[in-house]
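Report on one structure; see the data block that follows.
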Amino acid sequence: MLTKCIENVRKKVPLVHNITNYVTVNDVANVLLACGGSPIMADDLNEVEEITSICGGLNINIGTLNINTTRSMFLAGKKANELGHKVLLDPVGAGASNLRTETAVKLINEIKVDVIRGNISEIKTLALGSGSTKGVDADVADAVTEETLDNTIAFVKAFAKKTGSIIAITGAIDLVADSDKCYVIRNGRPDMGKITGTGCQLSGMMTAFLVANPDHVLEAAAAAVCTMGLAGEIGWSNMQPGEGNSTYRNRIIDAIYHMDGAVLEKGAKYEVR
Amino acid sequence: MLTKCIENVRKKVPLVHNITNYVTVNDVANVLLACGGSPIMADDLNEVEEITSICGGLNINIGTLNINTTRSMFLAGKKANELGHKVLLDPVGAGASNLRTETAVKLINEIKVDVIRGNISEIKTLALGSGSTKGVDADVADAVTEETLDNTIAFVKAFAKKTGSIIAITGAIDLVADSDKCYVIRNGRPDMGKITGTGCQLSGMMTAFLVANPDHVLEAAAAAVCTMGLAGEIGWSNMQPGEGNSTYRNRIIDAIYHMDGAVLEKGAKYEVR
Amino acid sequence: MLTKCIENVRKKVPLVHNITNYVTVNDVANVLLACGGSPIMADDLNEVEEITSICGGLNINIGTLNINTTRSMFLAGKKANELGHKVLLDPVGAGASNLRTETAVKLINEIKVDVIRGNISEIKTLALGSGSTKGVDADVADAVTEETLDNTIAFVKAFAKKTGSIIAITGAIDLVADSDKCYVIRNGRPDMGKITGTGCQLSGMMTAFLVANPDHVLEAAAAAVCTMGLAGEIGWSNMQPGEGNSTYRNRIIDAIYHMDGAVLEKGAKYEVR
């Protein structure tokens, strides 16, 4: 199934509309190209509906939200819903400010979001109205561990049920769940947390996977998470002496560029719960 | 001639004012530094006229246009015209939304633009009011091929005549033309399309070439296209196993950093028609 | 002392709020992660006070200032002052436009700024109301050389006294001074000037150093300058044939990622005057 998911991206070259932050936007574009998709970034009120109309999916990321682009997110989201396009929300920093929390909650309430992808603290903030976010990173206190895994899976499924969205939580252990089924994924490396925007990159790429696999969105979301984590492992194995987080960023995107179904199928480490 | 064009950039260190998109802006700045120019980015209404005044050229790129920076483009463009500075327009995504198409057309009508540089779909949109842009990439249906070359050269010369601008179209075959003369350039690699912003980078660099070679602007524009394409070839030859589009981006800019007149003269593949 | 300064950053993982330009923002985030800090970027009026409250320090950079984010700089700066947080100002391009000069002066007047970090032309503009800035780069005429060193040290100490801020000037010779004491630092390489944003990166990193070393801010600022310069030397020594400014950017950040107290102590080249 994973094989099929990534191969469909390369075959269909899905065009993804991104309303995203200016910190990691270049990497998001390059990851979308690396996985076989095609990115377009547009956030002006006067074009977002039209731009989203020519795309297959919409990736909304609130990493550097501001009053203008927030309005564009709602406009584009509603148009995407109208057209039956896939919509992903990355609630970057939810919990770090009321503006972020409220914007994310309002987006979920007013727009049909296919996937919400964030770290555990962001998702807890949205689900429980609390969560101890430390800026844009998850708080250690919230971390998904083998000990908390059963409870977290139950929590994630419940939140998926409540929202009607697939919930994708990334961290040391990644969880991708709908109300019924949860992929528990153990790819990736802790060093990925030392690169800005691996989460944003994953959100962009995941949107392409959703668009290319409209009938298997849970699997597509899980495949995107496995692809990112596995690329983190492959990229790390290509590191040369003296290289650090900046080169690692390139090596991960490079690994996605070369990823195919066979490599993904072989390297993906997941179970379904 | 090409030798002279790039050497003039390194000798004169032209300061280029960029009003550009936030997706590829960092690469544009690094390419300008790599080729010997000096970049400044500024888009606020209250400073663009002053900033453009201290520069030699203005690079306008509508890749993530919005209502505020669009007004700045007109202000800066008019000031640059007043001062006799070189102006380049990169109509990113013209055809993908009315806002982009209309903004690009209005810029061409109200500002004297020395060069319009885009992909074939963007240029067709501006010239014919049509063109089948796929987001920010050219549509395959529009591609310049050996079969369509003669007709496309005639089209480009006619559009150059109509606008009074040099037209630079980049793709598998690149065309740089005024009303009379067309450089047909066959440098570059298809893999460059898998990197976000090689077009934006070229536009920034080309502006520096125009500023440094005010009396030979057609040759300067062609030299910039050859430099970018040849850097794509050299960068590719430096790729190591496992490297992909993200590292390729760096290797292309690195190749520009080391490019000199002799390398360019030897590697440039063009004919004049 | 330098050893302690960098080790404190890695131990305390200071959260730094950045209101910065969109050209170099990604590199600023990655450098902050490389040195052991944690970045958050936020510039909307409706969240900057809240975001800065959860951070330890605020890095204000006017590289692409605009009317909205300028107001956010004042709001965040005042809140940071209220909470006793460290504040750094990077007056990018002061002297290149009245808007930049006036904004920087107003920020210094209305906000208690712990460190002002810029190139010599920017600092001269702020101190003397003049200075021959060439865009965002220092003018050669202003350069700090062995001949002008004594006078420049006196000038910098006087400006530090007048403003009550530490003044950090980077260039061929770096100076970090309060009213009484000046670190003269000779790390770094001229090639660093061919990368966009090494100054912005240093400002972000320096803010983390200030936050992690609240009782030794002058030493912390000097340690950050030594770290950046030394990383420039180490990164350069790791360059492979054909690599240029784009890869060099990565190699510098990579070197910071691996920097520890022992390496810094050994490689730092400074005297106190």
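Residue numbers (this note's numbering), protein chains in the order written: chain A, 1 to 273; chain B, 1 to 273; chain C, 1 to 273. Yeah, the Cβ is synthetic: ideal placement off N, Cα and C, and Gly gets one too. The structure presented is a predicted model; accordingly, all values stated were derived computationally and were not measured.
Residues of the stretch 11-26 of chain C with a C-beta less than 8 Å from any C-beta of chain A: LEU15, TYR22, VAL25, ASN26, listed in chain order.
Closest by C-alpha distance to VAL92 (chain B), out of B:ASN187, B:LYS86, B:ASN68, B:LYS124, is B:LYS124. Among the CB atoms of chain C, none fall inside 8 Å of the CB of ALA143 (chain A). No Cβ-Cβ contact shorter than 8 Å links VAL115 (chain C) with CYS55 (chain C).
A straight line joining the alpha-carbon of GLY199 (chain A) with that of ALA172 (chain C) spans about 38 Å. Residue contact with chain B for MET41 (chain A): present (Cβ-Cβ distance below 8 Å to some residue of chain B). Closest in C-alpha terms to VAL31 (chain A), from the list B:THR247, B:ASN109, B:ALA212, B:TRP236, comes B:THR247. In terms of Cβ geometry, ALA94 (chain B) and VAL87 (chain B) do not form a close pair [threshold 8 Å]. According to the DSSP assignment, ARG100 (chain A) belongs to the alpha helix (DSSP H) that extends over 98-110. Neighbours of LEU33 (chain B) across chain C, judged by C-beta separation under 9 Å: GLY193, LYS194, ILE195, THR196, ASN245. The secondary-structure analysis by DSSP pairs LYS86 (chain C) across a beta bridge with C:GLY57.
A residue is called buried when at least 16 other Cβ atoms come within 10 angstroms of its Cβ; MET73 (chain C) meets this threshold and is buried. Distance from the CA of THR52 (chain C) to the CA of ILE111 (chain C), rounded to the nearest whole angstrom, comes to 14 Å. A straight-line Cα-Cα distance of about 17 Å links ARG71 (chain C) and ALA42 (chain B). If you compare the alpha carbons of B:ILE67, B:LYS11, B:VAL225, B:ALA29 with that of THR196 (chain C), the shortest gap goes to B:ALA29. For LEU65 (chain A), no alpha helix (DSSP H) encloses it, and the DSSP letter there is neither H nor E. Apart from sequence neighbours up to five positions away, the residues of its chain that approach ASN8 (chain C) with a beta-carbon distance below 6 Å are ALA212, ASN213, ordered along the chain. Using a CB distance cut-off of 8 Å, ASN250 (chain A) counts as an interface residue toward chain B.
Partner residues in the beta bridge of SER38 (chain B), as assigned by DSSP, are B:LEU15.
For GLN201 (chain A), same chain residues with a beta-carbon under 6 Å away, outside a window of 5 residues either side, are ASP27, VAL28, VAL31 in chain order. For HIS258 (chain A), the neighbours in chain B by C-beta distance under 8 Å run, in chain order, GLY242, GLY244. Following the DSSP letters along the chain, one finds LEU175 (chain A) inside the beta strand (DSSP E) bounded by residues 174-177.
By the criterion of a C-beta distance shorter than 6 Å, ALA231 (chain A) is surrounded in its chain by ILE252, ALA255, ILE256, once the five residues flanking it on both sides are discounted. ILE169 (chain A) is not a Cβ neighbour of ALA160 (chain A), given a cutoff of 8 Å.
Put simply, the stretch 135-152 of chain B does not touch the stretch 222-236 of chain B. Fewer than three CB pairs are less than 8 Å apart.
With fewer than 16 neighbouring CB atoms inside 10 Å of its own CB, ASN151 (chain A) falls in the exposed class.
Taking all protein chains shown into account, ARG249 (chain A) has 16 or more neighbouring C-beta atoms within 10 Å of its C-beta and is therefore buried. Boundaries of the alpha helix (DSSP H) harbouring TYR257 (chain C): 245-258, taken from the DSSP string.
For GLY171 (chain A), there is no enclosing beta strand (DSSP E), as DSSP marks it with neither H nor E. Nearest C-alpha to ASN66 (chain A) among C:VAL48, C:GLU122, C:ASN109, C:GLU219: C:VAL48. Beta bridge pairing from DSSP links CYS182 (chain B) with B:ALA177. Going by DSSP, GLY118 (chain A) is part of the beta strand (DSSP E) stretching over 115-118. When the alpha-carbon of LYS269 (chain A) is set against those of A:SER97, A:LEU33, A:GLN240, A:ALA224, the nearest one is in A:ALA224.
Taking 8 Å as the threshold, the shortest C-beta distance from ILE6 (chain B) to chain C does not fall below it.
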